[in-house]
Amino acid sequence: MTERSPALQILAVYGTRPEAIKMAPVVAALKRRPEAFAVRVCATGQHREMLDQAQELLGLRPDLDLRLMRHDQTLNGLASAAVAAMDEVLAAESPDWLLVQGDTTTAMAASLAAFHRRVRVGHIEAGLRTGDLGHPFPEEANRRVIDLLAACLFAPTERARQALLAEGCAAERVHVVGNTVIDALRTISEGLAGPPPERPEVLITVHRRESFGAPLRGIFAALRQLAEAFPAFDWLYPVHPNPNVRGPAHEILGGLPNLQLHEPFDYRELVRRLMRCRFVLTDSGGLQEEAPTFGKPVLVLRETTERPEGIAAGVARLVGTGREAIVAEASRLLASEEAWQDMARAVNPYGDGRAGERIAAILGGEPWTPFAPPHP
Ligand code: UD1
Numbered sequence: 053m054t055e056r057s058p059a060l061q062i063l064a065v066y067g068t069r070p071e072a073i074k075m076a077p078v079v080a081a082l083k084r085r086p087e088a089f090a091v092r093v094c095a096t097g098q099h100r101e102m103l104d105q106a107q108e109l110l111g112l113r114p115d116l117d118l119r120l121m122r123h124d125q126t127l128n129g130l131a132s133a134a135v136a137a138m139d140e141v142l143a144a145e146s147p148d149w150l151l152v153q154g155d156t157t158t159a160m161a162a163s164l165a166a167f168h169r170r171v172r173v174g175h176i177e178a179g180l181r182t183g184d185l186g187h188p189f190p191e192e193a194n195r196r197v198i199d200l201l202a203a204c205l206f207a208p209t210e211r212a213r214q215a216l217l218a219e220g221c222a223a224e225r226v227h228v229v230g231n232t233v234i235d236a237l238r239t240i241s242e243g244l245a246g247p248p249p250e251r252p253e254v255l256i257t258v259h260r261r262e263s264f265g266a267p268l269r270g271i272f273a274a275l276r277q278l279a280e281a282f283p284a285f286d287w288l289y290p291v292h293p294n295p296n297v298r299g300p301a302h303e304i305l306g307g308l309p310n311l312q313l314h315e316p317f318d319y320r321e322l323v324r325r326l327m328r329c330r331f332v333l334t335d336s337g338g339l340q341e342e343a344p345t346f347g348k349p350v351l352v353l354r355e356t357t358e359r360p361e362g363i364a365a366g367v368a369r370l371v372g373t374g375r376e377a378i379v380a381e382a383s384r385l386l387a388s389e390e391a392w393q394d395m396a397r398a399v400n401p402y403g404d405g406r407a408g409e410r411i412a413a414i415l416g417g418e419p420w421t422p423f424a425p426p427h428p
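Here it is, written out as structure tokens:
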């Protein structure tokens, strides 16, 4: 029998692009301390092309790749395949800790498999809540399940910690570390600032499952109206490969000279576009967290958000999915310098770039200082 090293055995798992981006700083912080941690990395491959891109850029090399993506996969198909595959991985690896990030089906299924195997789960980005199981779907349910099962809850903000305490989580399980996406963003954005674009740009991302169908068509109708009403602006939309998004996007938004439907940008290109855009229209959680670093106003194309810190700080607004509201709010930012200035402040309530090292310190049982946001 081979002897087990005295270092803590940590298995980090992720399946989609945003999880890889947000897990990378934690893996990097743990790998800087080989005497304390033996880290193995597992990609479920819930996403394929988008995950490969992100891993390459962030230097993440999975030790295991479960290759689970199927075209038009159902949630139950994906979840059951992920539980079964993770069960085998956990049996073979028997780690001390399984680390998951966020609220995807990968994170939820891996946590459940670890719970059944009595492996401790550490949840990065714990405690985000909208209070509505239908928005975002299925993520709100996923994150609640993970938080229930996890032994260690890495909350990004004080508000997330309060949400966990209100649900009865023991205070010693909960740690406020900041969001790891800010660590990743700092690394990636170094040296990226270029000259401003010739024409001002607006960055768009839309992909949420609960918006499929009528809400998505409402959003796209608004975007079409805005691009036609403001021809001096370039409207950039990297379209998510999900066929439920791609189909209507091309149908409703195709053929406009100043609205470009792109393949998904790799993360570096996304950050570059974010740094030079005028503002952002998005339903993505990650962009709500990233944009304030560069002082870019965010209009959130959702009915609820689990990230109200940006709204409280005045750098984001919850606009919904209705055509008229989107057109009105975006027009205001485009037409009034004052309205834009009011939101264009570089104040980030989500993190300070040190979340990865805090998580490593907590897992190693060392002293650390919680994340506290800057005063606006
Ligand atoms: C998933 C997550 C969502 C996260 C999003 C980030 C779940 C249920 N949803 O949503 O929380 O915000 O990722 O992107 O976990 N596809 C490809 N290539 C890819 C990726 C996806 O072709 O690289 C297509 C496939 O047809 C796939 C479909 O997109 O079936 C949907 O992928 P899936 O992971 O089920 O959901 P997302 O909408 O990407």
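Numbering-wise (our numbering), the sequence shown opens with residue 53 and increments by one. We put the beta carbon where it would ideally sit given N, CA and C, even for glycine. Every value quoted in this text rests on a predicted model; they were computed, and no experiment measured them.
Beta-bridge pairing of residue i - partner residues as DSSP gives them
i, result
"I256", "L333"
"P295", "Answer is none; P295 lacks a bridge partner."
"I62", "V91, W149"
"P290", "H314"
"A207", "V228"
"V173", "L150"
"L49", "Since the first residue shown for the chain is 53 and the last is 428, residue 49 is missing from the structure and cannot be characterised."
"L116", "C94"
Separation of residue j from residue i, as counted between CA atoms
i, j, result
"A365", "L339", "15 Å"
"M53", "A59", "Interpretation of M53 is limited by its pLDDT of 49, a score under 50 that renders its predicted location unreliable; no figure is taken from the coordinates."
"A137", "D117", "10 Å"
"L180", "D335", "15 Å"
"V197", "R100", "25 Å"
"Q214", "E389", "36 Å"
"N294", "P316", "11 Å"
"L169", "L385", "Leu is not the amino acid found at residue 169; the sequence shown has Arg there. So the two alpha carbons sit approximately 52 Å from each other."
"N128", "R359", "27 Å"
"Q61", "R92", "8 Å"
"T68", "Q98", "6 Å"
"S57", "K83", "15 Å"
"S132", "F167", "15 Å"
"T126", "P190", "12 Å"
"F285", "A279", "7 Å"
"L305", "L142", "45 Å"
"L351", "E140", "43 Å"
"F80", "R406", "Residue identity differs from the one stated: residue 80 is Ala in this sequence, not Phe. Distance between the alpha carbons of A80 and R406 is about 12 Å."
"F264", "H302", "14 Å"
"D34", "F331", "Residue 34 lies beyond the residue range present for the chain, which begins at 53 and ends at 428; the question has no answer from this structure."
"Q107", "P114", "8 Å"
"V173", "P247", "44 Å"
"D318", "A193", "28 Å"
"A223", "T421", "16 Å"
"C204", "C221", "10 Å"
"R238", "Q105", "18 Å"
"P283", "R85", "52 Å"
"E242", "A387", "32 Å"
"S383", "N310", "16 Å"
"D184", "A368", "20 Å"
Close Cβ partners of residue i (< 6 Å) along its chain, the five nearest in sequence each way excluded
i, result
"A396", "G347, P349"
"P401", "E361, A365, P425"
"I256", "Y289, L333"
"I271", "V258, L353, T373"
"P249", "R328"
"E341", "N231, V233, Y402"
"H427", "none"
"A398", "G347"
Other residues of its chain near residue i: CB distance less than 7 Å, five sequence neighbours each side excluded
i, result
"A76", "L110, L112, A236"
"Y66", "A72, M75, A95, Q153, T158"
"D404", "G230, I234, F423"
"V135", "A161, L164, A165"
"A88", "A59, L60, G416"
"E145", "L63, R92"
"R195", "D155, L180"
"M121", "G97, Q98, H99, R100"
"P70", "G154, G338"
"L130", "Q98, L120, T157"
Whether residue i touches residue j by CB criterion (8 Å)
i, j, result
"V254", "C329", "yes"
"L244", "R320", "yes"
"L313", "V291", "yes"
"L370", "I363", "yes"
"V229", "F206", "yes"
"L150", "A178", "no"
"A274", "I378", "yes"
"P300", "R269", "yes"
"H187", "T356", "yes"
"L200", "P147", "no"
"V323", "I411", "no"
"P267", "T373", "yes"
"A202", "H175", "yes"
"T232", "G408", "yes"
Close Cβ partners of residue i (< 8 Å) along its chain, the five nearest in sequence each way excluded
i, result
"P419", "A413"
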